[in-house]
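Line by line, the protein sequences are chains A and B. Read in this note's numbering, the first sequence has 761 at position 368, and its numbers run on one by one without any break. Read in this note's numbering, the second sequence has 725 at position 332, and its numbers run on one by one without any break. For glycine and all other residues, C-beta sits at the position ideal for the given N, C-alpha and C.
There are 2 protein chains.
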Amino acid sequence: MTKDLLTRRARLLGPNMATFYDDPVHIVRGQGVWLWDADGRRYLDCYNNVPHVGHCHPRVVEAIATQAATLNTHTRYVHEGIVDYAERLVATFSGGLETVIMVCTGSEANDIALRMGQAVTGKTGIIATDNTYHGNTHLVSQLSTRKPPIGGHAPNVIRVPSPDSLRPLGGSAEGQAQVFAGHVAGAIARLEAEGHGFSSLILCPFFANEGFPDLAPGFLDPVANVVKKGGGLLIADEVQPGFGRLGGHFWGHRRIGVQPDVVTMGKPMGNGHPVAAVVARSNVTAAFREAFGYFNTFGGNPVSCAAAMAVMDVLEEEGLVQNARDVGAYALERMRALRHPLIGDVRGAGLFLGMEFVGDELEPQPDFTAHVVEAMKARGILLNRLGRHGNCLKIRPPMPFSRGNADMLVETLAEVLAEMPR
Amino acid sequence: MTKDLLTRRARLLGPNMATFYDDPVHIVRGQGVWLWDADGRRYLDCYNNVPHVGHCHPRVVEAIATQAATLNTHTRYVHEGIVDYAERLVATFSGGLETVIMVCTGSEANDIALRMGQAVTGKTGIIATDNTYHGNTHLVSQLSTRKPPIGGHAPNVIRVPSPDSLRPLGGSAEGQAQVFAGHVAGAIARLEAEGHGFSSLILCPFFANEGFPDLAPGFLDPVANVVKKGGGLLIADEVQPGFGRLGGHFWGHRRIGVQPDVVTMGKPMGNGHPVAAVVARSNVTAAFREAFGYFNTFGGNPVSCAAAMAVMDVLEEEGLVQNARDVGAYALERMRALRHPLIGDVRGAGLFLGMEFVGDELEPQPDFTAHVVEAMKARGILLNRLGRHGNCLKIRPPMPFSRGNADMLVETLAEVLAEMPR
């Protein structure tokens, strides 16, 4: 049945529509941190950050169902749902980040954030890191390293080397922050010289796709100064680290101690319901609206807001940000006790954890990592890999992940590593 | 209470977040073709095409609630929801349009469609009509006439004059199709001469935002030939006319009798749930995925597909496409019997109707039209205006709109026109 489904899928969705795993999983049901396939096999979900408060959380389902039965229309009529949610959301920020534009996807949010930089500065130059992913629109995909766009990369976009744990910029962990800021300063100078001018630097404050290097609080201070001096906006893409994922801090930029001008968010915001947002200072939002006359039909509709509000409720009531800190620290400690000659580093924060596999001379081991991912899946644990070299395990489970779940994860990982060639 | 809400709204969503109507409505509940405000006042909804099968249709609500309680994850796992829906959707098309990319908004769909043209042709030039709106991403908003983008209009986008009912291109309704095709041919030549090359022409086959001029079947044949000869793709944006809105035909391009290479859809697809799609030939979809490595986290998730499938079920079981034809024809006939010296034209198809207000010399009457919109709202009828000059009433109700609803609409319109200055 799954094979027939794969054939129909390739015919209807295109022959090159990607799946995870050599032998894709056919998932039919989810609850909390668990997923079940069509054969009734249960998987521990150590990958999905979208079902943030747990797959099919009854509180979120109920909120969606009740609001969908009551009203679901657009924001050119006045409704309390978006206003109440926006109030709740901006209360999690400081530094004057007090207005919200609600959209449907993180890509839409980043597409707006970049144009906010342009609207405020009147300039077009954009800087991003060089192994990142901020989404899939034409503009935002210019920042990705996946494929060069048809017609070539846009001349107003410069990508700078991003920080790394095992191979720090400039060769030393201590100097990395200054070297990173130096690259950004150089890019600003180039954008100015080439006539684009500098509008914004966008980055994930956890550098998730780069392999989330260990960076001390204050790491982004030098680059924030460079951005400020250059007259542009600092955009924090919180699509991955946001909503308490990193434990203890509600936002990734808080953890590293930097004040962005614009923050974008998406994936976990509605526990799977397509809702995303841009949070910015009032003058930035107003300048963007003035320049672009933006409207988003589905953005901020009452059902999206009800889903997003329920996620906030559950995070608070179930203490999930604290849980991410506690269980994340516990899992990290247990992972650090694992032994295999290719383990180069074990790192992460809250419930975003990884393990980097390298050889004696730090040679990345992507194939080994891929084998570990497949072997974990074969044992009922879903996770994946990321990083510049594809050699880091990506462990990013739903937030109700427990110590017992962490034990299962780590013990299975120990079994898999024991069976891998040394 | 609504006033306090407006104050909070302006503070939290930005001071220049638009609303409909001089005195905005605060809607709290919807059912079928009806909306209720916070004071319990009932409005007949003659505007919203998003709640396509009626506000809060129980069948769609149930589908969303059930699937949200079962599983809601992404398409890198295999799931029957997207495959079953894609199969159902492509069955409504001909001409080899047999693959689907599912996304969250019409803007995302058009952003992809334009890049499909670029991926297939290896060229970047885009042609659109000159009073259109295809969405809000950076790329797609280049096609809009709302505001010029920061940094100026992209050089690879050319906008051509669009057809008109009262002021046909070239001065005669008979010659308009050839004149329109001639403008497109000229734009292709210019894009080629300027080195961009021609990748696609995008248009709404009903020219909804242009004021949906009356155009005979075959009108788009000359332009389709020009596009084909130019080696580009013809993209039909069905966000407004699609899903049976025009009555009798499921898609706007079928009604006018043209075969597009790519079709985009959005608003009505999930009755308010954020779901949208691009339908194209298999080779076009594959070329796009090959060129861009596209993935959309929320796109095609099981809940979106359940909502979209329920919309298809209801359309069929309640005979709503036929209803749109019948009631639309009835409403149009009654509207044509109304008398006021400024009525220049009454036109439309299915449940997408309008009335254009002009003076003796065809001078557009946008202020008069705005007054009619406000007066209708004051009498409990929600509609709006559109067109190049903002002088056409826009009547586009949910599809279960009945003859009784049409009577209420037309009789109220008669009252309003009787009271307007002559």
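Per the DSSP secondary-structure output, B:Ala-521 pairs in a beta bridge with B:Arg-552, B:Ile-595. The Cβ atoms of A:Pro-695 and A:Gly-474 sit closer than 7 Å to each other. With a threshold of 7 Å between beta carbons, B:Arg-796 makes no contact with chain A.
None of the residues of the region 718-732 of chain A has a beta carbon lying less than 8 Å from any beta carbon of chain B.
Remark: C-beta atoms of B:Gly-712 and B:Leu-626 do not approach each other more closely than 7 Å. If you look at A:Arg-778, you'll find it in the beta strand (DSSP E) that goes 777-779. A direct Cα-Cα distance of roughly 6 Å separates B:Met-728 from B:Val-803. Put simply, the CB of A:Phe-685 is near chain B, with a gap under 7 Å to one of its CB atoms. Taking 8 Å as the cut-off between beta carbons, the residues of the region 429-460 of chain B near chain A are Asn-441, Val-443, Pro-444, His-448, Cys-449, Pro-451, Val-453, Val-454, Ile-457, Ala-458, in sequence order. Straight across, the Cα-Cα distance linking A:Leu-731 with A:Ala-811 is about 10 Å. Around B:Val-553, the same chain offers Ile-520, Thr-522, Asp-523, His-576, Val-577, Ala-580 as residues with beta carbons nearer than 7 Å, after the five sequence neighbours per side are excluded.
The secondary-structure analysis by DSSP pairs B:Ile-475 with nothing; it has no beta-bridge partner. With 16 or more other CB atoms across the displayed protein chains lying within 10 angstroms of its CB, B:Arg-718 is buried. In this structure, B:Gly-635 is the residue among B:Gly-635, B:Pro-417, B:Lys-621, B:Val-513 with its C-alpha nearest to the C-alpha of B:Pro-791.
For B:Asp-438, DSSP records a beta bridge to B:Leu-775. Setting aside the 5 residues that flank it on each side, A:Gly-568 has no residue in the same chain whose C-beta is closer than 7 Å to its C-beta. From the listed residues B:His-531, B:Val-496, B:Lys-770, the smallest Cα separation to A:Leu-406 is found for B:Val-496. When 9 Å is used as the limit between beta carbons, B:Pro-790 is near no residue of chain A, the shortest such separation being about 13 Å. Sequence-distant Cβ neighbours of B:Cys-449 in its own chain, meaning closer than 6 Å and more than five residues away, are Gly-423, Gln-424. A residue is called buried when at least 16 other Cβ atoms come within 10 angstroms of its Cβ; B:Gly-752 does not meet this threshold and is exposed. Taking the Cα of B:Cys-597 as reference, the smallest distance to any Cα among B:Gly-590, B:Leu-608, B:His-589 is reached at B:Leu-608. B:Thr-412 and A:Ala-458 have their C-alpha atoms some 26 Å from each other.
Neighbourhood of B:Lys-660 in chain A, by CB distance below 9 Å: Thr-690, Phe-691, in chain order. The way I'd put it, the region 469-483 of chain B doesn't touch the region 661-678 of chain A; fewer than three beta-carbon pairs between them come closer than 8 Å. B:Leu-559 is a Cβ neighbour of B:Gly-737, given a cutoff of 7 Å.
Scanning B:Arg-539, B:Ala-768, B:Glu-491 for the CA closest to the CA of B:Ser-675 turns up B:Glu-491.
Rounded to whole angstroms, the separation of the alpha carbons of A:Arg-508 and B:Arg-404 is 21 Å. Residue contact check for B:Tyr-470 against chain A: a CB pair falls below 7 Å. A:Ile-505 sits in a helix when the DSSP states are folded into three classes. The residue from A:Leu-735, A:Ala-506, A:Pro-451, A:Val-620 with its alpha-carbon nearest to that of A:Gly-528 is A:Ala-506.
Residue-level contact by beta carbon fails for B:Arg-638 and chain A, as no gap is shorter than 7 Å. In the DSSP annotation of this structure, the continuous segment of the beta strand (DSSP E) that includes B:Arg-422 starts and ends at 420-424. Within the region 484-500 of chain A, Glu-491, Thr-492, Val-493, Ile-494, Met-495, Val-496, Cys-497, Thr-498, Gly-499, Ser-500 place their CB atoms closer than 9 Å to a CB of chain B, listed in sequence order.
Close CB contacts of B:Asp-654 within its chain, under the 6 Å cut and outside five residues either way in sequence, are with Leu-626, Leu-627 (chain order). Under the three-pair Cβ rule at 8 Å, the region 685-703 of chain B does not count as touching the region 613-624 of chain B.
Contact annotation, B:Arg-815 with B:His-764: C-beta distance approximately 13 Å; criterion of less than 8 Å not satisfied.
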